[in-house]
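Numbering of the sequence shown is given in the numbering used here, commencing with residue 2 and proceeding in unit increments. Even glycine gets a Cβ: it sits at the ideal position worked out from N, Cα and C. Single-structure report; data block below.
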Amino acid sequence: MNKLSVDCLRQVYLLREKPRLVLLIKGLAFILVFFLIKPSVVSAATLSLSPQSRIVTPGETFSVDVLIDTAGESVTMADVYFMHDNSLMEALTVTNGTFFPDTYHLLTPGEPYLSGTLSKSGESFTGTGTVATITFKALKEGVDTLAFKCSPGKSADTNISRGSDGEDIVECSALVDGKYTISSSGTPGSATPTPRSLPEAGSVGNTLIAVGVGVLLTIIGIIVIL
2 MNKLSVDCLR QVYLLREKPR LVLLIKGLAF ILVFFLIKPS VVSAATLSLS
52 PQSRIVTPGE TFSVDVLIDT AGESVTMADV YFMHDNSLME ALTVTNGTFF
102 PDTYHLLTPG EPYLSGTLSK SGESFTGTGT VATITFKALK EGVDTLAFKC
152 SPGKSADTNI SRGSDGEDIV ECSALVDGKY TISSSGTPGS ATPTPRSLPE
202 AGSVGNTLIA VGVGVLLTII GIIVIL
C-alpha cells in the first residue's frame, strides 16, 4: 500500500471518529465547568455579640447579648459554645432571650455554654433576635476576647439547626466575637486573639480545582495527540 492510500485511509478514519471525538470533548468540558463553577451554599445563619467591645473596671458587672440572624432560613435550635480567659472575666448568670422560647446554660469557667430550643415539635423560627444575655464580672485588668467556638462540620461546638432537615447552617467565619477591656484608667487595650478551632487539614475547594485542572489537561492531551 503506497503513502497516498495510507493518507486516504487515515482521513476516512478521522472523519468517521470525529463525531465521537466532539462528544468526548464536550463531555470533558462539561465536567470541567461543573467542578470549577459549581455554586456553593450562600444561605448560612450567624451569631454575634452586643456590645462587641466595652471598657469596664475591675469588679464591675456587665451584660452581653448573644444575637442570631438566620439569613432567611427556618431554624429549630442553636448550641452556642464560647471560649475566654476565666482569670479576667467570670460568667455569673444567663437570662433568656426573645428568639427561642426555651434556653439552657452551663457556666463552665472559661467555656460558657448556652442553647436555645423550641417548645413544640414542628415549630421553626426565622429572622433575627436575642438568644440569651450573659452577665459577666470583671476580675482584674486585662483584655479578654469572648470567642465563639466553631469548626465547620463538627457537632460539639456552635451550631444552628435548619428546620427542614436538621442540618447545621452556622457560618463559622461570619461569627462576631467580643473584646472587653478591664481597666481602672478606662484605656482600651489589645487582646491576644482567641482561636475558634484548630486549623482545617484540607480544603474541598482546592480539591475540586485540582480535579478540574486535571480534566483540562486531559482534554488538551487528547487534542494534541489527534
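Asked                                                                                                    : Found
Cα-Cα separation, S230 to I56                                                                            : Given that the chain is displayed from residue 2 to residue 227, the structure contains no residue 230 and the question cannot be resolved.
Contacting residues, own chain, Cβ-Cβ under 8 Å from E168 (five flanking each side not counted)          : S162
With 16 other Cβ atoms within 10 Å as the buried cut-off, status of A46                                  : buried
DSSP-derived helix/strand/coil call for F116                                                             : A small correction: the amino acid at residue 116 is Ser; Phe does not occupy that position in the sequence shown. Looking at S116 - three-state DSSP - the assignment turns out to be strand.
Cβ pair A92, F137 closer than 9 Å                                                                        : yes
Under the three-state DSSP convention, the category S174 falls into                                      : helix
Integer Cβ distance of G73 from A139, believed to fall under 8 Å                                         : That belief does not hold up - the Cβ atoms of G73 and A139 are roughly 37 Å apart, past 8 Å.
C-alpha distance - T134 paired with M90, whole-angstrom precision                                        : 15 Å
Helix, strand or coil at V205 [DSSP, three-state]                                                        : Note that V205 scores 38 on pLDDT, short of 50, meaning its location in the model is unreliable; the coordinates nonetheless yield the value given after this. Three-state result, V205: helix.
Inter-stretch contact at 8 Å, needing at least 3 Cβ pairs: the segment 75 to 88 / the segment 103 to 122 : yes
Extent of the continuous beta strand (DSSP E) run through L50                                            : T47 to S51
Range covered by the beta strand (DSSP E) that runs through G60                                          : G60 -> no beta strand (DSSP E), and no H or E assigned at all.
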